[in-house]
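Chains as they are written, first to last, in our numbering: chain A, 2 to 361; chain B, 2 to 361.
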DNA sequence: TTGTAAGCGTTATCAA
DNA sequence: TTGATAACGCTTACAA
């Protein structure tokens with residue numbers, strides 16, 4: 002035993018060797034005590050425990066992880082923490098992961114695929130045990146490549162990718178949009194606009210499908226000029242701009258579906274600026290319930306679903322995957338949506354040249 | 002060299018040894034290449050780099066951290082991610098830490114001191130390089146004990162503790178509340194209520210001080226019945242309840258300062274339920290700007306400050322501390338507040354028995 | 001029941 | 001310029 006080894010560990014944090022020395026046992030015994038492995042005399046155990054508290058020693062997780070090739074850390078990559086949608090998801094994921102003894106390490110991509118690649122690789126280097134991910138562009142080849150090289154399971158939230166991953170958790174946007182659109186059509190609206198982001202992902206596609214299906218169910222051909230989807234992110238400014246464009250149409254819509262958490266703000270501002278009254282001049286349905294939707298007057302009808310639940314389910318799926326040794330079939334969890342009817346929708350006003358609803 | 006060592010590393014991730022073997026060099030050389038240490042032949046370097054990409058090898062951060070006794074991870078403990086205040090702070094901290102090559106590992110305390118202790122110790126075991134913390138109870142002895150045992154620098158946000166820490170970052174609640182209160186007094190209000198949480202922390206104390214000082218400046222004695230502070234957390238329900246109690250007073254206030262991010266919702270609901278009009282029957286100022294405050298009608302005057310900036314400054318302070326080898330003096334950064342005047346305040350209505358403002 | 005020692009994947013020191 | 005090897009703090013066979 003070298004001099005360095007036996008000398009007192011000065012300043013820096015104590016190690017298992019310091020504890021062993023103080024307790025007069027070997028490092029193996031100390032380890033057996035902390036890991037609560039059997040075959041250790043009560044007397045020895047108590048001596049070791051005393052030494053542990055005396056030195057305030059806790060095993061270094063870094064060293065443990067190093068040996069056990071698992072870090073009990075889960076990465077979470079999202080685009081923007083300031084979007085309450087993501088903070089709720091993280092909260093959901095964190096609440097179940099913490100209970101299972103995992104910790105969450107977060108990273109914002111700011112909608113940048115390069116940053117997403119960097120983060121995926123970084124989590125790999127950190128030996129993350131898994132990753133929860135809301136990819137920005139479902140088809141970006143670089144990100145997909147990093148993903149398929151990753152040696153940890155990945156669960157997508159609200160996204161679908163072509164590479165093999167552990168699974169995905171999504172809200173039922175198809176059904177939600179179908180119901181919302183049908184509700185407006187049933188009120189007698191015939192010109193219903195759709196504003197949504199997610200042009201290049203699952204969410205946007207499913208919303209569009211629901212919108213179209215509802216029209217088809219009523220035998221109505223939707224006007225393409227009323228469908229305003231965003232290639233990029235759908236923020237408040239996008240919502241406002243699209244409303245202005247819709248107002249300017251020679252046959253403007255009588256109702257609008259503004260599907261996206263951040264659109265409401267822009268939509269409301271635009272309506273007020275143009276002196277358009279809700280619901281008299283324009284019916285409005287938005288998505289993702291919020292204080293604003295609930296308390297603005299008139300209160301806004303929303304397609305509601307729980308981002309918290311999305312996060313929980315993603316974490317559960319990941320834990321399940323981590324606990325599964327053999328075969329694993331990529332799975333999908335669908336979280337329901339619900340139409341919360343408030344006061345922002347009404348029957349359309351009679352317009353010159355409009356002949357009234359056909360079906361009631 | 003043992004058989005295990007020389008055999009091909011099957012399945013699991015490659016190590017520096019695999020790269021060395023493939024490139025026909027020693028592990029030392031591989032390390033020199035990745036760390037871009039000089040004294041390595043261009044030829045050797047390229048051979049090593051080829052092997053690195055061939056095996057898709059990246060150094061294990063776990064192993065690096067193990068040697069260098071630093072993890073380049075910063076912990077962030079807050080009470081509730083769903084509070085947009087915290088998500089903005091985290092976003093701020095994350096944005097500066099990422100740029101500096103650090104990653105953020107998050108933990109919610111859910112207002113539980115025990116959980117806070119657990120997290121502080123956990124971050125210690127993970128060898129976190131530092132911690133950003135919004136402690137729930139500034140005086141909880143257990144948490145303070147964990148904190149003083151921690152062997153990493155700690156920066157508090159919006160809190161002040163008696164134990165030695167690297168520093169704190171706070172918003173100027175005293176000044177903000179002083180201005181807001183003065184604004185109401187100047188409008189002629191003489192019965193201004195104060196609803197705020199943070200009874201047991203810095204924030205609540207400073208708000209109360211600002212409120213009292215503004216009254217003193219005007220030579221007015223505030224009615225203790227109008228001061229409603231919360232021992233515990235101030236959520237929407239608390240805001241609503243306090244409003245009801247205020248309405249029930251035989252001399253109700255004509256204005257209310259609802260200082261706390263989540264109070265607005267409860268306050269608005271209570272006003273509507275009691276048919277109290279803002280600002281005609283009641284002037285209202287709240288704190289922390291939000292979509293709701295901006296877009297509800299009438300738009301609400303707020304004491305605004307940037308939680309994002311709080312997070313940024315905390316991260317900067319921590320980085321500064323980490324880069325400082327010798328002496329360090331605990332420091333404080335104060336982020337300014339600003340009164341954003343909107344439409345929720347008006348001169349008080351003449352009431353029977355009220356003799357008008359004394360000072361204008 | 002307890003001790004010894006190898007090994008986890010790096011980096012850094014020393015020798016060649 | 002490169003290679004061999006100890007060390008980081010822990011766990012776990014295996015030996016005693």
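For every residue, glycine included, the Cβ atom is placed at its ideal position computed from N, Cα and C.
Rounded to a whole number of angstroms, what is the C-alpha to C-alpha distance between residue i and residue j?
i	j	result
residue 131 of chain A	residue 19 of chain A	34 Å
residue 151 of chain B	residue 210 of chain B	33 Å
residue 239 of chain B	residue 190 of chain A	41 Å
residue 245 of chain B	residue 271 of chain B	7 Å
residue 141 of chain A	residue 194 of chain A	29 Å
residue 348 of chain B	residue 340 of chain A	41 Å
residue 312 of chain A	residue 180 of chain B	41 Å
residue 206 of chain A	residue 153 of chain A	28 Å
residue 105 of chain B	residue 109 of chain A	10 Å
residue 345 of chain B	residue 243 of chain B	19 Å
residue 143 of chain B	residue 113 of chain B	11 Å
residue 338 of chain B	residue 253 of chain A	43 Å
residue 24 of chain B	residue 43 of chain B	13 Å
residue 202 of chain A	residue 175 of chain A	13 Å
residue 79 of chain B	residue 121 of chain B	11 Å
residue 250 of chain B	residue 213 of chain A	56 Å
residue 363 of chain B	residue 157 of chain B	Chain B is shown from 2 up to 361; residue 363 of chain B falls before or after that span and cannot be answered.
residue 118 of chain A	residue 96 of chain B	17 Å
residue 166 of chain A	residue 82 of chain A	24 Å
residue 288 of chain B	residue 304 of chain B	5 Å
residue 68 of chain A	residue 17 of chain A	15 Å
residue 124 of chain B	residue 168 of chain B	18 Å
residue 183 of chain B	residue 257 of chain B	12 Å
residue 236 of chain A	residue 309 of chain A	21 Å
residue 318 of chain A	residue 77 of chain B	25 Å
residue 86 of chain A	residue 307 of chain A	9 Å
residue 163 of chain B	residue 89 of chain B	26 Å
residue 350 of chain A	residue 192 of chain A	12 Å
residue 64 of chain A	residue 74 of chain B	15 Å
Within 10 angstroms of the Cβ of residue i, are there 16 or more other Cβ atoms? Answer buried if so, exposed if not.
i	result
residue 274 of chain A	exposed
residue 233 of chain B	exposed
residue 225 of chain B	exposed
residue 37 of chain A	exposed
residue 84 of chain B	buried
residue 218 of chain A	exposed
residue 149 of chain A	exposed
residue 22 of chain A	buried
residue 314 of chain B	buried
residue 58 of chain B	buried
residue 397 of chain B	Lying before the first or after the last residue shown, residue 397 of chain B is absent from chain B, which here runs from 2 to 361.
residue 330 of chain B	exposed
residue 39 of chain A	exposed
residue 342 of chain B	exposed
residue 70 of chain A	exposed
residue 27 of chain A	exposed
residue 138 of chain B	buried
residue 292 of chain B	buried
residue 2 of chain B	In this prediction, residue 2 of chain B scores a pLDDT of 33, lower than 50, which makes its location untrustworthy; the coordinate-derived value is nonetheless stated afterwards. Burial call: exposed.
residue 326 of chain A	exposed
DSSP beta-bridge partners for residue i?
i	result
residue 155 of chain B	B:132
residue 333 of chain A	A:169
residue 228 of chain A	A:195
residue 77 of chain A	A:107, A:133
residue 342 of chain B	The partner list for residue 342 of chain B (beta bridge, DSSP) is empty, contrary to what the question assumes.
residue 55 of chain A	Answer is none; residue 55 of chain A lacks a bridge partner.
residue 257 of chain A	A:194, A:285
(message) So if I threshold CB-CB distances at 8 Å, which residues from the stretch 53-81 of chain A count as touching chain B?
(response) Residues of the stretch 53-81 of chain A with a C-beta less than 8 Å from any C-beta of chain B: 57, 59, 60, 61, 62, 63, 64, 66, 67, 70, 72, 74, 81, listed in chain order.
(request) Report the residues of the stretch 286-310 of chain A with a CB closer than 7 Å to any CB of chain B, ordered along the chain. (result) Within the stretch 286-310 of chain A, the qualifying residues are 292, 293, 296, 297, 298.
(message) Which residues of the stretch 84-96 of chain A have a Cβ closer than 7 Å to any Cβ of chain B? Give them in chain order.
(response) The stretch 84-96 of chain A vs chain B, Cβ under 7 Å: 85, 88, 89, 91, 92, 95.
(message) If we require 4 or more residues per run, which alpha helix (DSSP H) segments fall completely within the stretch 277-315 of chain A?
(response) You should have 292-296.
(request) Note down, in chain order, all residues in the stretch 150-172 of chain A with a beta-carbon under 9 Å from any beta-carbon belonging to chain B. (result) Listed by position along the chain: 150, 152.
(message) Taking beta-carbon pairs under 9 Å, can you tell me which members of the stretch 97-112 of chain B lie near chain A?
(response) So the close ones are 99, 104, 105, 106, 107, 108, 109, 111.
(message) Beta carbons nearer than 8 Å to chain A: which residues of the stretch 261-281 of chain B have them?
(response) Sequence-ordered contacts of the stretch 261-281 of chain B with chain A read 265, 266, 269, 270 [C-beta pairs closer than 8 Å].
(request) Quick one: which residues of the stretch 114-128 of chain B get their C-beta closer than 8 Å to a C-beta of chain A? List them in chain order. (result) Correct list: 122, 123, 125, 126, 127, 128.
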